[in-house]
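A.B. asks: Using the numbering used here, you'd call the opening residue of the sequence shown number 86 and step up by one each time.
First the structure, then my questions, so here it is.
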Amino acid sequence: MSSNQNTPGQRFRDAVASEHPLQVVGAINANHALLAKRAGFKAIYLSGGGVAAGSLGVPDLGITGLDDVLTDVRRITDVCDLPLLVDVDTGFGASAFNVARTVKSMIKFGAAALHIEDQVGAKRCGHRPNKEIVTQQEMVDRIKAAVDARTDDSFVIMARTDALAVEGLESALDRAAACIEAGADMIFPEAITELEMYKLFASRVKAPILANITEFGSTPLYTTEQLAGADVSLVLYPLSAFRAMNKAAENVYTAIRRDGTQQNVIDTMQTRMELYDRIDYHTFEQKLDALFAQKKG
C-alpha cells in the first residue's frame, strides 16, 4: 500500500479539510471539469445517473457498467487535476472481487474518491420511490472489500446509505456507523429530508458527512451556510450544470427547427473564442506551429 502527499485522494482530503463545507460540483464531461475548475471549485464529481443519462442516454437503473464510468473518469482526469469523486453505484457486481476491481480501476484511472451504496443490484435513483436495500451485513462486506482493495491508502472510500427512505432514520444511522467501523472514510446519507438529520449523522459517526443537494429531489436546496451549521463537511451538486445544459440544448434545437435559423438563440451560446479560451486552444496551436517550424528548419 502506498500513499504520498500529492495523490488525488490526498488532494481530496486536503480540500475537505480546507473548505467548510467543501462544495463538490458535478462535471458531466472533461469540458465541464475545466469549467468547474475555472469557477474556483476545489473538487468535482462524476454522477452515475449523469453517465447513464448523459453518455448513454439511458435511465439510472443499474444499466451502466464499470467500463462506461471508467471511460468518463479517464477523460476527465486526463485534462483536469481537481480531485474527482466518482459514483460507483453498488460496486458493479455481486461479489467482493467486483468491488475490489472497481476500487483498483478507479485509483488507476486517477479518481480521488468513490461512493458505494447499500441498494440492491437493480438500483434506482436515490430520490425515486420503491428503493430496495441489502442487509447491513452485506453493505459492511462491500465496504470491507473496498477498503481491502485500496492500492493507495489516501484514496477515499465513502459509504452511501439509502436506508432513510426504506427503513427510517435509526436504521440509516446504524448503517453509517457500521460502515465507518468497517473502514469507510466518509458518509453520504441519501435523500435527507430535514437539516437536523445531518447533525445526527455527524455526531453518531464522527466522520465527514456529505449532503447531496440535488434539484427536484427529496432534499430541500439548503445553502452552504445552513449546512455548515448542521455539521456537514461536503455539499454535492451532482447534476446542476447538466440539467442547465440539457435545457439550453433543447431550446436551441427547438428554435432552429421552428425559425429556420439560430439567430434568435445566439445570445444563449458560448462563443467560439470563449470555447477556445476554456480549453486552452491557442497553447495547443502554438505548440503545433513551433513543431512545424522546427521540422522545416
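Note that CB positions come from ideal geometry on N, CA and C, so glycine has one too.
What residues in its chain sit with their C-beta under 8 angstroms from that of serine 87, if we drop five residues either side in the sequence?
C.D. replies: Bear in mind that the predicted position of serine 87 carries a pLDDT of just 48, short of 50, making it unreliable; the figure below should be weighed with that in mind. The residues are Thr236, Asp237, Asp238.
A.B. asks: Would you tell me roughly how many angstroms separate the C-alpha atoms of alanine 257 and phenylalanine 182, rounded to the nearest one?
C.D. replies: 26 angstroms
A.B. asks: Straight-line CA distance for alanine 210 to glycine 302?
C.D. replies: Note that residue 210 corresponds to cysteine in the displayed sequence, not to alanine. Roughly 10 angstroms separates the two Cα atoms.
A.B. asks: How big is the Cα-Cα spacing for leucine 319 and alanine 313?
C.D. replies: 9 angstroms
A.B. asks: Counting Cβ pairs closer than 8 angstroms, one from the region 151-158 and one from the region 333-346, do we hit at least three?
C.D. replies: no
A.B. asks: Please tell me whether methionine 243 and leucine 295 are closer than 8 angstroms, where the distance is taken between their beta carbons.
C.D. replies: yes
A.B. asks: DSSP on methionine 191, reduced to helix/strand/coil?
C.D. replies: In the displayed model, methionine 191 falls within a helix according to three-state DSSP.
A.B. asks: Hey, out of Val219, Ala234, Glu335, whose CA is closest to glycine 268's CA?
C.D. replies: Ala234
A.B. asks: DSSP state of tyrosine 322, grouped into three classes?
C.D. replies: strand
A.B. asks: Within the same chain, show all residues whose beta-carbon is closer than 6 angstroms to that of alanine 115, passing over the 5 residues directly before and after it, in chain order.
C.D. replies: Arg160, Ile161, Val164
A.B. asks: Can you list, in chain order, the residues of its chain whose CB lies under 8 angstroms from that of phenylalanine 126, leaving out five sequence neighbours each side?
C.D. replies: Gln108, Val109, Val110, Leu167
A.B. asks: When the Cα atoms are used, what is the spatial distance from glutamate 359 to serine 180?
C.D. replies: 47 angstroms
A.B. asks: Is it right to say valine 143 is buried, meaning 16 or more other beta carbons lie within 10 angstroms of its own, or is it exposed?
C.D. replies: exposed
A.B. asks: Do aspartate 174 and glutamate 202 have their CB atoms nearer than 8 angstroms?
C.D. replies: Less than 8 angstroms divides the Cβ of aspartate 174 from the Cβ of glutamate 202.
A.B. asks: For the region 111-184, which segments carrying the alpha helix (DSSP H) assignment without a break, of at least 4 residues, lie completely within its bounds, in sequence order?
C.D. replies: 115-123, 151-164
A.B. asks: My output table needs one value for methionine 86: the three-state DSSP class, helix, strand or coil.
C.D. replies: A caution first: methionine 86 carries a pLDDT of 47, below 50, which makes its placement in the model too unreliable to give a value.
A.B. asks: Quick one: grab the DSSP three-state call for aspartate 247.
C.D. replies: coil
A.B. asks: Since valine 136 and threonine 149 should fall inside the 8 angstroms C-beta cutoff, what is the C-beta to C-beta distance between them, to a whole number of angstroms?
C.D. replies: 6 angstroms
A.B. asks: Going by DSSP, what residue range makes up the alpha helix (DSSP H) through alanine 230?
C.D. replies: 221-234 is the span of the alpha helix (DSSP H), which, as asked, contains alanine 230.
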